[in-house]
Structures are given as C-alpha cells and as structure tokens.
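These notes concern the structure reproduced below.
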Amino acid sequence: MPELPEVEVTRQGLLDHLPGRTVTAIAVSGLRLRIPMPLGLLHEHILQRRIQTLDRRAKYLLMRMDSGAVLVIHLGMTGKLGLHEDGAARHRHDHLILTLDSGQQVRLNDSRRFGAVMVWPAKAAQEAECAFSAREGIEPLGSEFTARHLHRLADRRIVAVKSLLMNGRLIAGIGNIYANEILFASRIHPATEARRLTVADWRRVVVESQRILQLAIATGGSTIADFLGATGHPGYFQLHFQVYGRERLPCPRCGQTIVKTVLAGRATYSCPVCQPAP
DNA sequence: CAATATACCTGGATGC
DNA sequence: TGCATCCAGGTATATT
Numbered sequence: 014m015p016e017l018p019e020v021e022v023t024r025q026g027l028l029d030h031l032p033g034r035t036v037t038a039i040a041v042s043g044l045r046l047r048i049p050m051p052l053g054l055l056h057e058h059i060l061q062r063r064i065q066t067l068d069r070r071a072k073y074l075l076m077r078m079d080s081g082a083v084l085v086i087h088l089g090m091t092g093k094l095g096l097h098e099d100g101a102a103r104h105r106h107d108h109l110i111l112t113l114d115s116g117q118q119v120r121l122n123d124s125r126r127f128g129a130v131m132v133w134p135a136k137a138a139q140e141a142e143c144a145f146s147a148r149e150g151i152e153p154l155g156s157e158f159t160a161r162h163l164h165r166l167a168d169r170r171i172v173a174v175k176s177l178l179m180n181g182r183l184i185a186g187i188g189n190i191y192a193n194e195i196l197f198a199s200r201i202h203p204a205t206e207a208r209r210l211t212v213a214d215w216r217r218v219v220v221e222s223q224r225i226l227q228l229a230i231a232t233g234g235s236t237i238a239d240f241l242g243a244t245g246h247p248g249y250f251q252l253h254f255q256v257y258g259r260e261r262l263p264c265p266r267c268g269q270t271i272v273k274t275v276l277a278g279r280a281t282y283s284c285p286v287c288q289p290a291p
C-alpha cells in the first residue's frame, strides 16, 4: 500500500508507543525480503537497545536507537508495520517481530516481500544516512519542493511528467496512486513531457501535491485509533480517490468518463476533458 | 547518460 | 469447484 502518506501515518501512529521502549527480543521469519534480513546486525545493534524516536525519509522509516544505531525499514508494496500485544497470534508473512519492554510487539508483515530491513551501526550511521539520503529525491512536503526547482529538474528531460513525479531519485514518496491524483487535480495530462510544463504548471503541481499528501496523512491519522486493532493496520483506505481505480466512471469535476491507459508500465487514469492530451 | 524493460514475490479478482 | 491468467500502491538492476 504504502506511498508517502501511508508511511507517515505509520510513523505517527507508532510514535506514541515506541520512544523510550527497549527491544527485548527479536524474531524473524527466515525468509528473504528484497535484501536478506541482517540478523547479526539486528542482534548486535538493536536487541536490548532503547528506541529514541522514529523518523521518515522518502518511503523509509528510520528507527533511531539511543546508541546512535538506526533500524531502517521499507514497506515495499505490501508491507505493514503494526503494533500488537505480546501474546497475540503470529500471522503469516510476519517477517520481523520486535518485542518491547511495554509488553507489545512491532511486527513487519509483508506478503510480497518487496520490503527491506537494514541496520546502520552507530559508528557508521552518519555516513550511511548521508549516502542514503543523497540517493533519495526531494521531500514533497519540504522546503525544496518548489515550482522553480521542479521546472529546473524537468528541463531537458524527455520523460512523461507522471514518470518524473514517480522517480524516487528526483522526488521522494510519490507513487502511482498519488501521481495520478496530483496530475488530475493539477489538470495536467500524465503523458505530457515534463520539459513542456511551465512554471505556472509546476506551481499547480506543488500546491496540489502538498494539499493531497497532507489531506491523505490527516485522513489516515484521524483513524489512528485503529492502529492498535486486531489487524494492526493503520488507517489506510480512508481517502477517496478522484481518478485512481475509477476507469469508466464519471469524472468528479466534469462528468466525462475517466479513461485508463498504461504509461511506463503503470496503470494511469485521467479525464480527457480536464486533462487534455498534449 | 537517461529512459525503459525486467525481476523480485504473493494473493485477490476475473474468466473459462 | 478448480485452474489459469492477469494485475497490484516499489525499487534495483539490466538493457536499449
């Protein structure tokens, strides 16, 4: 599920429960995620350590320990990080379980195993984080995300604007759903060459990106009480989409039929009237 | 170099 | 009901 808002909602939900807690046990499924589970590093740097805080960069969660070590978790396509009572039954696809001294467990459940778990030991954490962050794009909710900056990023790039929005090396956290929604709200056709967008176009992209992502976070956050529920899922699925998944349904703005196309291999939804083809 | 294709997995929806 | 096929919110790597 997770794009930036879902990861951020997960972070905010866990933030009430993790800081100050010590990891008293670690269990794994033994299955390989996108990269192998760093068992040795987990035991060496996370076990019996106290959690200081939980941050987010792009779609990654950074669990910072008092020692300076960092546990990095990526949720892939199907990953969910939930809080469960210690004795609760284990679920299929629980790949990492951190038991806390509060009697609760943080569990990473990921059926497709596209997620990833990494550990940065305290001694190497600063350097690792710098290298990591340099590979990730700018934060859509950060100060660098401006029309001017995007206009410059897109300059000379022969790529569809939707692909640029989804390029995590350039812009962090925007996946297929939110790229579709942002471009609809900005009234820009997804296949438009990025270099053709004017600064005014980019200004709409910036405004709509921030509005939609913040609304999604607030909506997910509003149901954060569910976070400790039986499933452990935070409040995804609350936002109702304007175009994503709405093939053949009427455009919420003009009533015209939403069309589905494939762009760079990803399902793409647009309104032929509100987002005229380039 | 930059853009696209492919591979990594499971599970749900759909169609025969 | 069973079985095959397609599709899915991500990203690293290979290929053009």
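Using our numbering, the final residue of the first sequence is 291, and nothing's skipped along the way. Beta carbons: idealized from backbone N, C-alpha and C, even for Gly. Remember, predicted model here, so these are calculated numbers, not experimental data.
Asked: Please report the residue range of the beta strand (DSSP E) in which Arg-69 lies.; Found: 64–70
Asked: Using CA atoms only, rank isn't needed, just tell me which of Ile-201, Arg-148, Ala-204 is closest to Leu-183.; Found: Arg-148
Asked: Tell me which residues share the same chain as Pro-265 and place their Cβ nearer than 7 angstroms to its Cβ, disregarding the 5 neighbours each side in the sequence.; Found: Gln-255
Asked: Can you have a look at Gly-33 and say buried or exposed, based on whether 16 or more other CB atoms are within 10 angstroms of its CB?; Found: exposed
Asked: Excluding five sequence neighbours on each side, which residues of the same chain lie with their C-beta closer than 8 angstroms to the C-beta of Arg-224?; Found: Ala-198
Asked: Identify the residues that DSSP records as bridge partners of Pro-263: which are they?; Found: Thr-270
Asked: Spatial neighbours of Gly-242 within its chain, please: CB distance less than 6 angstroms, with the 5 preceding and 5 following residues excluded, ordered by chain position.; Found: Model confidence at Gly-242 stands at a pLDDT of 38, short of 50, so the residue's coordinates are unreliable; what they give is reported in the following sentence. Excluding residues within five positions, none has a Cβ falling inside 6 angstroms.
Asked: Name the residue from Asp-214, Ala-82, Pro-291 whose alpha carbon lies nearest to the alpha carbon of Arg-165.; Found: Asp-214
Asked: Report yes if the CB atom of Leu-121 is closer than 8 angstroms to the CB atom of Leu-226, and no otherwise.; Found: no
Asked: Do Glu-21 and Ile-190 have their C-beta atoms within less than 8 angstroms of each other?; Found: no
Asked: Per DSSP, which residues does Lys-93 bridge with? Please list them.; Found: Asn-122
Asked: Quick check on Ser-176: buried or exposed, where buried means 16 or more other Cβ atoms within 10 Å of its Cβ?; Found: buried
Asked: What residue range does the beta strand (DSSP E) around Ala-147 cover?; Found: Ala-147 -> not in any beta strand (DSSP E); alpha helix (DSSP H) instead, spanning 135–148.
Asked: Grouping DSSP H, G and I as helix and E and B as strand, with all else coil, what is Asp-239?; Found: Confidence in Asp-239 is poor, its pLDDT being 40 and thus under 50, which makes the residue's placement unreliable; the coordinate value appears in the next sentence. In the structure shown, Asp-239 sits in a helix (DSSP, three-state: H, G or I).
Asked: Does the region 47–55 come close enough to the region 127–137 to have 3 or more Cβ pairs within less than 8 angstroms?; Found: yes
Asked: How far does the alpha helix (DSSP H) with Ile-195 in it extend, from its first residue to its last?; Found: 189–199
Asked: Could you check whether the region 135–143 touches the region 108–124, counting it as contact only if at least three pairs of C-beta atoms, one from each stretch, sit closer than 8 angstroms?; Found: no
Asked: Where does Val-20 fall in DSSP's three states?; Found: helix
Asked: Between Ala-38, Pro-49, Arg-77, which lies nearest to Leu-28 when the distance is taken from Cα to Cα?; Found: Arg-77
Asked: Roughly how many angstroms separate the alpha carbons of Thr-205 and Ala-290, rounded to a whole number?; Found: 7 angstroms
Asked: Pull the bridge partners of Ala-300 from the DSSP assignment, please.; Found: The chain is shown only over 14 to 291; residue 300 falls outside these bounds and no answer can be derived.
Asked: Please state whether DSSP places His-164 in a helix, a strand or coil.; Found: helix
Asked: Using a Cβ-Cβ cutoff of less than 6 angstroms, which residues in the same chain neighbour Tyr-73 once the five nearest sequence positions on both sides are dropped?; Found: Val-85, His-87
Asked: Three-state secondary structure (DSSP) at Gln-255?; Found: coil
Asked: Per DSSP, which one or two residues make a beta bridge with Met-78?; Found: Ile-64
Asked: Report yes if the CB atom of Arg-209 is closer than 8 angstroms to the CB atom of Ile-171, and no otherwise.; Found: no
Asked: Over the uninterrupted alpha helix (DSSP H) stretch that includes Val-174, give me the two end residues.; Found: 174–179
Asked: Rounding to the nearest angstrom, what Cα-Cα distance links Lys-93 and Ser-115 in this structure?; Found: 20 angstroms
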